[in-house]
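Scroll down for the structure; my scribbles are underneath it.
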């Protein structure tokens with residue numbers, strides 16, 4: 001083998017080794033999404049991460065390393081929730097439904113069948129249940145068990161006056177799902193009767209945002225703003241040490257938790273949010 005050919009081969013091998021040693025791109029939030037209104041993970045297998053703010057919607061298929069804009073993603077996205085095999089997004093006075101994959105065109109926007117703008121949404125992706133909060137003319141909690149075709153007003157006795165986040169966790173055996181409400185300085189509230197009555201959960205004095213595990217009853221993550229997690233419905237809490245503005249739990253793998261850091265970075269946890 002001639003010397004020039006040998007040199008070229010050595011250079012090619014060195015380049016290949018260097019490429020293998022390149023670190024994966026860091027996780028980050030899209031520009032302008034440092035304080036998102038909501039963040040969730042689609043229930044599709046290896047589903048995308050979805051984030052919404054006044055700047056619109058963006059999705060990531062690689063855990064926050066790259067982001068793209070879905071259909072009608074430029075419109076402000078106030079709240080979001082998974083139900084059945086779709087994702088409902090609130091635009092304020094209107095709502096819009098996306099497929100779990102977030103590919104292709106979204107369904108046409110629809111006006112809510114009740115007064116006011118929807119500021120919070122929660123849903124059960126294994127059922128057609130949805131909850132929505134409006135504040136026009138006073139706080140109102142609305143409930144649907146058919147994917148949003150029909151809605152019923154709920155009494156919401158004992159709920160805080162200014163909810164900041166809404167989530168629903170997996171049912172525990174024959175019981176219905178537990179509905180969780182992050183209430184800022186009023187703490188953390190919950191309902192075990194679909195939103196008729198609410199009670200305060202001890203141990204959390206400042207609940208800013210919240211996410212609940214679909215597959216594990218009693219597992220939730222709350223930003224206080226430090227991310228704290230429980231796997232027994234609030235009987236005990238774990239402090240993660242990470243300050244965040246939003247949090248999301250993978251619906252298929254509750255050990256995988258994402259958190260939006262205050263520094264514009266996206267963090268991942270593989271132990272249910274105990275550490276990032």
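Residue numbers (this note's numbering): 1 to 276. In this text, a Cβ means the ideal position worked out from N, Cα and C, and glycines have one as well. Nothing here was measured: the structure is a model prediction, and the numbers come from that model.
With 16 as the cutoff for other CB atoms within 10 Å, does residue i come out buried or exposed?
{"i": "residue 46", "result": "exposed"}
{"i": "residue 49", "result": "buried"}
{"i": "residue 244", "result": "buried"}
{"i": "residue 199", "result": "exposed"}
{"i": "residue 230", "result": "buried"}
{"i": "residue 213", "result": "buried"}
{"i": "residue 43", "result": "buried"}
How many Å lie between residue i and residue j at the Cα?
{"i": "residue 115", "j": "residue 134", "result": "8 angstroms"}
{"i": "residue 100", "j": "residue 73", "result": "15 angstroms"}
{"i": "residue 128", "j": "residue 117", "result": "21 angstroms"}
{"i": "residue 166", "j": "residue 104", "result": "28 angstroms"}
{"i": "residue 124", "j": "residue 41", "result": "13 angstroms"}
{"i": "residue 241", "j": "residue 269", "result": "12 angstroms"}
{"i": "residue 227", "j": "residue 273", "result": "7 angstroms"}
{"i": "residue 93", "j": "residue 111", "result": "6 angstroms"}
{"i": "residue 59", "j": "residue 77", "result": "12 angstroms"}
{"i": "residue 203", "j": "residue 66", "result": "37 angstroms"}
{"i": "residue 119", "j": "residue 26", "result": "31 angstroms"}
{"i": "residue 154", "j": "residue 218", "result": "23 angstroms"}
{"i": "residue 177", "j": "residue 75", "result": "31 angstroms"}
{"i": "residue 126", "j": "residue 61", "result": "22 angstroms"}
Would you say the beta carbon of residue i comes nearer than 6 angstroms to a heavy atom of the ligand ADP?
{"i": "residue 85", "result": "In the structure on display, the ligand ADP does not appear, and there are no ligands present to speak of."}
Taking Cβ positions, are residue i and residue j nearer each other than 7 angstroms?
{"i": "residue 28", "j": "residue 266", "result": "yes"}
{"i": "residue 164", "j": "residue 130", "result": "no"}
{"i": "residue 201", "j": "residue 234", "result": "yes"}
{"i": "residue 185", "j": "residue 172", "result": "no"}
{"i": "residue 121", "j": "residue 132", "result": "yes"}
Check the C-beta distance from residue i over to residue j and give it rounded, since I have them as a contact under 8 angstroms.
{"i": "residue 211", "j": "residue 260", "result": "In fact, because the Cβ distance is near 11 angstroms, the residues do not count as touching under 8 angstroms."}
{"i": "residue 80", "j": "residue 53", "result": "Actually they are not in contact, since the Cβ atoms of residue 80 and residue 53 sit about 11 angstroms apart, beyond 8 angstroms."}
Near residue i, what residues of its chain come up, given a Cβ to Cβ distance below 7 angstroms and the 5 sequence neighbours on each side ignored?
{"i": "residue 161", "result": "139"}
{"i": "residue 293", "result": "Because the chain here runs from 1 to 276, residue 293 falls outside it and cannot be looked at."}
Might you give, ordered along the chain, the residues of its own chain that have their beta carbon closer than 6 angstroms to the beta carbon of residue i, omitting 5 neighbours on each side?
{"i": "residue 97", "result": "86, 88, 107"}
{"i": "residue 71", "result": "105, 106"}
{"i": "residue 223", "result": "208, 209, 244, 247"}
{"i": "residue 51", "result": "33, 36, 39, 58"}
Taking 8 angstroms as the limit between beta carbons, can you name the residues of its chain near residue i, skipping five residues before and five after?
{"i": "residue 264", "result": "28, 29, 34"}
{"i": "residue 271", "result": "255"}
{"i": "residue 152", "result": "142, 143, 144"}
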